[in-house]
Every structure is written in C-alpha cells, then in structure tokens.
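One structure is given here, and the rest of the page talks about it.
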Amino acid sequence: MPAISIGARYTEDGDLNRQFPTGANPTSRLARALWDELQSHDPDVVVDLHSSSGIYKYDGKVGQAVFPTRATPMNAVNACDYVNEQYIDLSEYPSHYDFDCGNSLDGSRPLFIHKAYGDLHLPGYLVETTRKGTTLEDAVTWEVAVARDLLWQHGVYHG
42 MPAISIGARY TEDGDLNRQF PTGANPTSRL ARALWDELQS HDPDVVVDLH
92 SSSGIYKYDG KVGQAVFPTR ATPMNAVNAC DYVNEQYIDL SEYPSHYDFD
142 CGNSLDGSRP LFIHKAYGDL HLPGYLVETT RKGTTLEDAV TWEVAVARDL
192 LWQHGVYHG
C-alpha cells in the first residue's frame with residue numbers, strides 16, 4: 042500500500058477518506074477492499090477512528106470530537122462525557138481538549154461512515170482525536186476509550 046508506506050492517506054487514487062460514495066461502489070481498489078471487509082463481518086455498529094491536526098470548536102479542525110450517524114447521537118454525547126470525565130479532566134490538558142459531539146452524519150458525503158449509514162443503515166461514529174500538542178500515547182488512549190464506550194453502549198463490548 043503506497044499510502045501506508047509513506048504515512049499518508051493519499052495515493053494516486055486521491056484521498057482515501059473521500060472514496061466511499063453512498064449508493065455507489067467505492068472509487069478505488071483499496072476502498073472497495075475495505076468496504077468488502079466491513080460487509081463480510083455483518084456489523085451491528087461501525088466505529089471509524091481518525092486523527093486531526095487540530096481541535097473541533099477551537100481552531101476550525103475536527104479533532105477531539107465524535108461525529109455520530111443520525112441513528113445514535115446521544116451515544117456520542119455519552120461517550121464524550123465519559124472520556125472527558127475519566128481521562129481529559131484528570132489530565133494536564135486544558136479544557137479545549139475535551140471531546141465534543143459533532144454534527145450528525147447522514148450518508149451525504151463520500152466518507153466511510155457516511156456510506157455505512159447511507160447504504161447499510163448502521164449506527165456509526167467517526168471518532169477524531171487531535172495530534173495538536175498531544176502525545177501519541179494519550180491520543181490512542183482517548184480514542185480507544187471512546188470506541189470502547191460506544192461499543193459498550195451497543196452491547197458489543199463487555200469489559
């Protein structure tokens with residue numbers, strides 16, 4: 042995978058994050074392989090993990106946010122509250138690092154989670170942590186905690 046080897050989401054096929062149109066086939070071989078893999082597991086819920094260079098509602102970027110599909114916005118609010126209380130508030134990070142619930146996703150954009158909702162009508166979440174002023178360890182810890190809480194709310198994770 043050229044994008045993986047260079048540490049980027051862009052290849053000669055363009056931005057992998059924009060290759061999943063609702064109601065149509067994914068637009069690249071890699072995107073089709075990822076979509077086929079998702080469908081082969083017949084999931085009950087989809088959590089798509091990303092990172093951003095900034096912070097939602099702070100600097101115009103999308104980090105530190107959970108964007109739910111229209112099916113489950115309150116689960117996203119609950120997951121944000123949990124991670125803020127258990128991780129962010131107990132850390133030395135300022136309050137603008139708190140997670141926020143973003144806008145609801147409805148299948149209208151060519152992103153993986155939009156397609157999961159638009160084509161399969163699955164509850165799902167796009168989880169974004171920030172790389173801005175954080176350690177990789179903290180960002181991964183927060184992202185896993187958000188994902189774990191979302192899966193727990195759907196009865197998929199027990200732990």
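All letters in the sequence shown, in the order written, are residues 42 to 200 by my numbering.
Just so it is clear, CB atoms sit at the ideal spot from N, CA and C, and this is done for glycine as well.
If only uninterrupted beta strand (DSSP E) runs of at least 3 residues are considered, those enclosed by the region 51-139 are 87-93 and 106-109. Taking one beta carbon from each stretch, the region 161-178 and the region 86-93 have 3 or more pairs nearer than 8 Å; the two touch.
Contact annotation: ASP139 and LYS98 have beta-carbon atoms that are not nearer than 7 Å. In the three-state reduction of the DSSP assignment, GLY148 falls in the coil class, being assigned neither a helical nor a strand state. Leaving aside the five residues that flank TRP193 on each side, none in its chain has a CB nearer than 6 Å to its CB. Rounded to whole angstroms, the gap between the alpha carbons of SER136 and ARG50 is 30 Å.
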